[in-house]
Amino acid sequence: LIAFRWSRVDKKNHNTPVIKDAEIDELAEMLLRDYKPQLLKEPGKIKYEHFLESYLGANLEYKYIYYQEDEERILGVTAFNREKLPIFDRENLCLDEIMLDINSVVLDFYVTEEGREGLELFTGLHEGGHLWMHPGVFTKSEMQLSLSTSSCTGTSLGLPRNVRGSISRRIFSSRNWKPGLVKAINI
Amino acid sequence: VKERYMRFGDFIKKKRLDHPDELTLKEVSKMLDISLSFLSDVENNRRKPFDKDKIELFAEKLGLTDEEKATMFDLAARDRKEVPSDIEDIMMYGEIGEMARLALRKSNTGEISEEDWKQFIRKTEKKHD
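Top line first, the protein sequences correspond to chains W and Z. In this text, residue positions in the first sequence follow this note's numbering: the first is 1, and each later residue adds one. In this text, residue positions in the second sequence follow this note's numbering: the first is 1001, and each later residue adds one.
See the structure below:
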């Protein structure tokens, strides 16, 4: 796995890397060359699950991710630290919490429904992008974990579900793509 | 961590990820006819390990060796705490336990008979007379 290094960061936003669309393309190509170089010669579908689990070392899970009624639903979450994620428990029809391991990617079952294969692939790889590029922004050291009591320090990132895709457009049409535009969930 | 000391969920996840077909959670859940959510929870050790039938099916579908399948049974029993606690250490973590499990499996396949066990017990009793 190639380590992510980036010098242009937003110091006012936890040193979030500031990356242009074209640079994202270059980074994606660099990763693909390392992961499966043959895909650059003969384009084919990426099995996002394998890329996340075997290449990025993610702990992939599927859940009904909890959202409040006045919030937009969440398609995927990336956790950089061990922390709790609120979920809907469909079997017992109640709310629950699960403890996520570090480097977990959780996809909402919504994206796995029939006919949403493209959205599932997009969301899986989108979360993979967070996992690769943003540990420096969100990972807390053991010392920080024990000292930090603020509930405002979101260390998981979630992509809001928006059927019309307005939020996705807002993210991907910007010249400089910043994770700050992605809704962070504080848990 | 050696496979025989893993949690059940970690073991089956490793076998899935090590498989040459790059098996996904979804594919394996379909193979085993269980929900994606259930498999995901078992892999993350949030739910109890599979029962006997699912262990057999998992081993068959993923082409595990007899030794790997036996390890799955052992790990499942350990996670379910089905081995009595007074013999858990020797049964699950010691060399004697390993031999005992081998002998029990040989009994299952008929290589060791009930009479063999009786003779063994008589022999140990004689030894302590």
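Beta carbons are placed, not taken as given, at the ideal position from N, Cα and C, and that holds for glycine. Since this is a predicted model, take the numbers as computed values, not measurements.
Assignment of beta-bridge partners to W:F122 by DSSP yields no partner. Within the segment 1042-1063 of chain Z, contact with chain W at the beta-carbon level (separation under 8 Å) is assigned to N1044, R1046. What W:I98 touches in chain Z, judged by beta-carbon distance under 9 Å, is D1041, N1044, R1046, going in chain order. Taking the C-beta atoms as reference points, W:T123 is found no nearer than 8 Å to W:Y62. For Z:L1032, there are no C-beta contacts with chain W under 9 Å, since the nearest C-beta of that chain is about 15 Å from it.
When Cβ-Cβ separations below 8 Å define contact, Z:S1113 makes no contact with chain W. In the structure shown, the three-state DSSP call for Z:T1065 is coil.
Bounds of any alpha helix (DSSP H) do not take in Z:S1035, whose DSSP letter is neither H nor E.
Chain W has no Cβ within less than 8 Å of the Cβ of Z:E1003.
A straight-line Cα-Cα distance of about 21 Å links Z:L1075 and W:N59. Scanning Z:D1018, Z:K1002, Z:E1003, Z:V1042 for the CA closest to the CA of Z:G1063 turns up Z:D1018. Non-local C-beta neighbours of W:M30 in its own chain, meaning closer than 8 Å and more than five positions away in sequence, comprise I2, ordered along the chain.
Not a single C-beta of chain W is nearer than 8 Å to the C-beta of Z:T1124.
Using a Cβ distance threshold of 8 Å, W:L85 and W:I98 count as a contacting pair.
Restricted to the segment 32-118 of chain W, the alpha helix (DSSP H) segments that are unbroken, complete and at least 4 residues in length are 38-41, listed in chain order. Against chain W, the beta carbon of Z:L1017 has neighbours under 7 Å at E53, S54, listed in chain order.
As DSSP reads the structure, Z:D1086 sits in no beta bridge. Look at the beta carbons and you see the segment 87-94 of chain W not touching the segment 70-78 of chain W: under three pairs across the two are nearer than 8 Å.
Any Cβ of chain Z closer than 8 Å to the Cβ of W:H134 would place that residue at the interface, and such an atom is absent. Counting only residues of its own chain and dropping the five nearest sequence neighbours on each side, W:H14 has a CB closer than 8 Å to the CB of V137, F138. Rounded to whole angstroms, the Cβ separation of Z:E1067 and Z:A1059 is 11 Å, and the two are not in contact under 8 Å. By the CB criterion at 8 Å, W:I102 and W:N81 fall inside the cutoff.
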